[in-house]
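So, in structure tokens, the structure goes:
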């Protein structure tokens, strides 16, 4: 089974420009692709300040800040998928 991480909803909540403050709110759904009903895990993540149901909100917010918008950039259309992932192997 391969792991599939689906960001089902990405909402950037921006405060008024005059204040200069910004915040981020994400809903993240993880599906192990087993086809079993109820195997999906859903987290919420808020940054600035860090919170939500994600198990490591502060570390995840720091990583998102480090990566910036490129964390959600789609792969170029002319790039082939090598299907490399760290999931279990079955022979």
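Residue numbers (the working numbering): 979 to 1069.
Yeah, the Cβ is synthetic: ideal placement off N, Cα and C, and Gly gets one too.
Residue 1020 - partner residues in DSSP beta bridges: 1007
Rounded straight-line distance, which links the Cα of residue 1024 to that of residue 1003: 4 Å
Backbone CA spacing between residue 1015 and residue 1044 [nearest angstrom]: 35 Å
Unbroken alpha helix (DSSP H) run spanning residue 1037, endpoints: Note, residue 1037: alpha helix (DSSP H), 1035 to 1045.
Under the three-state DSSP convention, the category residue 995 falls into: In this prediction, residue 995 scores a pLDDT of 32, lower than 50, which makes its location untrustworthy; the coordinate-derived value is nonetheless stated afterwards. Looking at residue 995 - three-state DSSP - the assignment turns out to be coil, as it is neither helix nor strand.
Assigned secondary structure, residue 1049 (DSSP; H/G/I helix, E/B strand, else coil): helix
Straight-line Cα distance separating residue 1046 from residue 1054: Distance between residue 1054 and residue 1046, taken at the CA atoms: about 18 Å.
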